[in-house]
Amino acid sequence: MADANHAAGTRTADVLTTDVLIVGGGPAGASAAISLRQNSSFDVTLVDKAEFPRDKACGDGLSPGIVHLARELGVETLFENYPLCDSYTIVGPDSTTVSGTIGAVVSATGTTAPGGYVIPREIFDAALLARSEECGAKVLTGHSFKSLLQDDEGVTTTVAASQKDELLIRSRVVLGTDGANSRVRSALGVPATPKKRTGIAMRAYAEFAPHSKHDMNRLWIVFHRDLLPAYAWLFPFANSHTAGNNDSEGVAQMANIGVGCLVKDRETSRAWFLQQLENFARQLEQHGIYFSSISSEKTYLLPHGGKLPKLAHNRTALIGDAASMINPLSGEGIYYGMSAGHMLAQIFFAENTYSSHNEQAALKKWEDSVRQRFAKHLRHNYIGHRLMRHPKWANTLTQTIAADPKVADKAIDLMLKEGTLNFASFARVLRKLFRTSNK
Ligand SMILES: Cc1cc2nc3c(=O)[nH]c(=O)nc-3n(C[C@H](O)[C@H](O)[C@H](O)COP(=O)(O)OP(=O)(O)OC[C@H]3O[C@@H](n4cnc5c(N)ncnc54)[C@H](O)[C@@H]3O)c2cc1C
């Protein structure tokens with residue numbers, strides 16, 4: 008078998024055959040693996056370059072829709088040890104502060120998720136991956152994607168198991184779920200997300216100080232002038248694995264805190280991010296929130312999905328961050344990657360792809376469904392994100408949200424659910440903007 012990128016001195020030891028090869032075991036890849044195993048007879052192999060459990064720079068915020076998906080994937084018990092996050096506080100650049108409730112999301116089957124959760128990715132991703140193994144997927148960690156070659160009957164993928172050993176994997180389909188710096192994406196010739204559509208953010212884990220007046224059910228989103236159109240966040244979670252400021256049951260009260268910005272806006276050094284985090288912690292003190300420690304700072308990219316690239320490429324599909332499926336306004340990407348992976352398995356099932364061998368048509372149908380469901384929503388979030396570049400707009404929006412609960416609900420629907428821009432709310436913000444501009 009030919010391999011375009013075969014390096015000198017490496018040994019090609021084995022050829023493994025599977026129906027579906029998934030490259031990347033994050034939420035997108037693991038959800039696709041679980042769903043494919045639950046809904047079909049496909050033999051599934053998942054490779055990831057990392058050993059699990061592994062950390063991933065993230066806000067760890069899981070929106071209400073993920074609660075429904077987790078139920079379908081059989082990992083809903085994960086939420087049992089974490090506080091429900093059903094309220095929010097948004098702070099505008101001019102310090103206008105508005106609080107509200109996120110509101111329930113009702114699934115197609117009628118179940119209700121009253122809010123979201125915050126679970127460290129080290130725990131969440133490992134649980135999803137373990138579930139995919141439990142469902143019968145073959146999981147190969149420590150295996151790194153190198154190249155792929157598609158033909159009429161299937162795909163031959165080369166993965167490196169170590170510096171010297173390579174494994175060839177022959178499959179009917181490949182799913183590229185290898186994240187923001189996707190090598191599957193570049194192997195398909197799909198250009199990386201342009202800088203103007205790519206965010207970058209630093210997250211850290213903070214422990215609340217004993218005298219801190221925080222609320223474990225509240226997400227904080229703080230739009231600071233220096234970060235626009237992005238924001239700083241505080242997402243609380245209970246950590247039973249850490250010693251420290253524990254409650255009566257020995258659970259540490261922690262928060263994932265972070266700061267983001269657009270890649271193209273500035274030279275983002277580690278020192279700059281650390282300073283922004285420090286500024287954010289000082290700003291929270293004005294609201295009575297104090298930390299006793301801040302650690303584990305980590306930075307990574309967020310390819311925004313204002314415009315999705317081509318997803319289905321013959322027998323290969325891009326899903327999750329590999330396909331820029333991140334909401335530009337909220338920075339949320341887990342839900343879209345998990346949903347798209349789950350949708351792919353459902354379409355393969357509905358199209359009887361296992362027996363009919365119509366993989367290419369099914370992938371095309373899947374791409375159409377993903378676009379139909381998410382493209383407008385993501386595009387509208389991109390418009391919202393563009394507007395948030397302007398401090399005046401960001402101030403007026405926060406003030407309008409503070410004055411009008413209906414606008415607040417629509418903004419939350421847009422950012423954290425599957426909402427689109429609401430004309431009446433948009434007009435209200437515009438009116439207020441013109442009124443204040445003319446004063
Ligand atoms: C700082 C920050 C904060 C964020 N906060 C949130 C948030 O609060 N909520 C939210 O929903 N989203 C958030 N996001 C976005 C979210 O992290 C991503 O959208 C999500 O991780 C996408 O999942 P994925 O499965 O597509 O990719 P990933 O989670 O990145 O998983 C990709 C996997 O592929 C593996 N891989 C990579 N290269 C290879 C290779 N060559 N061979 C084999 N395996 C490979 C990696 O090891 C990894 O396990 C945030 C992102 C950042 C950077």
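All the letters of the sequence shown, read from the start, carry residue numbers 8 to 446 under the working numbering. Backbone N, C-alpha and C define an ideal beta-carbon position, used for all residues, glycine too.
Selection from the options that minimises the alpha carbon distance to residue i
i, options, result
"Gly143", "Tyr307, Leu43, Asn359, Asn321", "Leu43"
"Val74", "Ala115, Cys65, Asp50", "Ala115"
"Ile237", "Asn429, Ile354, Arg393", "According to the sequence as given, residue 237 is Ala; it is not Ile. Nearest option by C-alpha distance: Arg393."
"Gly327", "Gly312, Asn388, Ala208, Phe230", "Gly312"
"Arg78", "Phe244, His349, Asn224", "His349"
"Thr200", "Thr104, Phe244, Leu309", "Leu309"
"Thr205", "Pro335, Phe356, Phe131, Asp132", "Pro335"
"Asp420", "Ser47, Ala40, Thr108, Val22", "Thr108"
"Val105", "Pro412, Thr323, Gln353", "Pro412"
"Lys145", "Gly31, Ser331, His320", "Gly31"
"Leu182", "Phe356, Thr407, Leu53", "Leu53"
"Arg177", "Ala187, Val27, Gln353, Val258", "Val27"
"Leu91", "Ala288, Gly110, Gly123", "Gly123"
"Ser432", "Val414, Leu351, Asp272", "Val414"
"Ser444", "Glu285, Arg61, Lys399", "Lys399"
"Tyr297", "Thr323, Leu241, Leu80", "Leu241"
"Val113", "Leu318, Gly149, Pro71, Val125", "Pro71"
"Glu285", "Asp132, Leu385, Pro127, Met209", "Met209"
"Leu423", "His384, Phe430, Ile390, Glu160", "His384"
"His387", "Ser337, Phe356, Gly344", "Ser337"
"Ser331", "Ala37, Phe131, Asn188", "Asn188"
"Arg380", "Leu351, Ser276, Lys305", "Leu351"
"Leu235", "Val270, Lys153, His221", "Val270"
Beta-ladder partner(s) of residue i, from DSSP
i, result
"Arg128", "For Arg128, which the question treats as bridged, DSSP gives no partner whatsoever."
"Gly186", "For Gly186, which the question treats as bridged, DSSP gives no partner whatsoever."
"Gln260", "Ala245"
"Arg177", "Thr24, Thr163"
"Ser302", "Tyr212"
"Val266", "Met209, Ala239"
"Tyr95", "Gly107, Leu226"
"Leu309", "Gly206"
"Ile29", "Leu53, Leu182"
"Gly196", "DSSP, once it has assigned bridges, lists no residue as partnering Gly196."
"His320", "Thr323"
"Thr119", "Val113"
"Gly68", "Val125"
"Ile296", "DSSP output for Ile296 lists no bridge partner at all."
"Ile333", "His311"
Beta-carbon separation (whole angstroms), residue i vs residue j, contact threshold 8 Å
i, j, result
"Ser299", "Glu214", "5 Å"
"Thr405", "Phe230", "7 Å"
"Glu173", "Thr165", "6 Å"
"Asn439", "Thr407", "According to the sequence as given, residue 439 is Lys; it is not Asn. Right, their Cβ atoms sit about 5 Å apart."
"Ala239", "Met223", "At roughly 19 Å, the Cβ-Cβ gap does not stay under 8 Å, so Ala239 and Met223 are not in contact."
"Thr148", "Asp55", "5 Å"
"Gly186", "Ala329", "6 Å"
"Asn402", "Gly99", "5 Å"
"Leu69", "Val22", "Not quite, the Cβ-Cβ distance comes to about 38 Å (not below 8 Å), so this is no contact."
"Ala319", "Glu374", "4 Å"
"Leu315", "Ala382", "6 Å"
"Ile264", "Ala211", "6 Å"
Residue range of the unbroken alpha helix (DSSP H) whose run includes residue i
i, result
"Asp444", "Checking the displayed sequence, the identity of residue 444 turns out to be Ser instead of Asp. First-last of the alpha helix (DSSP H) with Ser444: 430-444."
"Tyr342", "341-357"
"Asn388", "383-394"
"Phe280", "277-292"
"Ser42", "34-46"
"Thr403", "398-410"
"Pro100", "Looking at the DSSP string, Pro100 is not in any alpha helix (DSSP H), and its letter there is neither H nor E."
"Ala369", "366-377"
"Ala77", "71-80"
Bounding residues of the beta strand (DSSP E) (the contiguous stretch that carries residue i)
i, result
"Asp55", "51-55"
"Leu234", "Counting along the chain, Leu234 falls outside any beta strand (DSSP E), and DSSP gives it neither H nor E."
"Met209", "205-215"
"Thr360", "Taken as a continuous stretch (DSSP letters only), Thr360 belongs to no beta strand (DSSP E), being part of the alpha helix (DSSP H) at 360-363."
"Gln157", "151-157"
"Arg225", "225-229"
"Val146", "145-148"
"Leu5", "Shown here, the chain extends from 8 to 446; a query on residue 5 therefore has no answer."
Beta carbon proximity, residue i to chain D, threshold 8 Å
i, result
"Glu425", "This model lacks chain D altogether; it includes just one protein chain."
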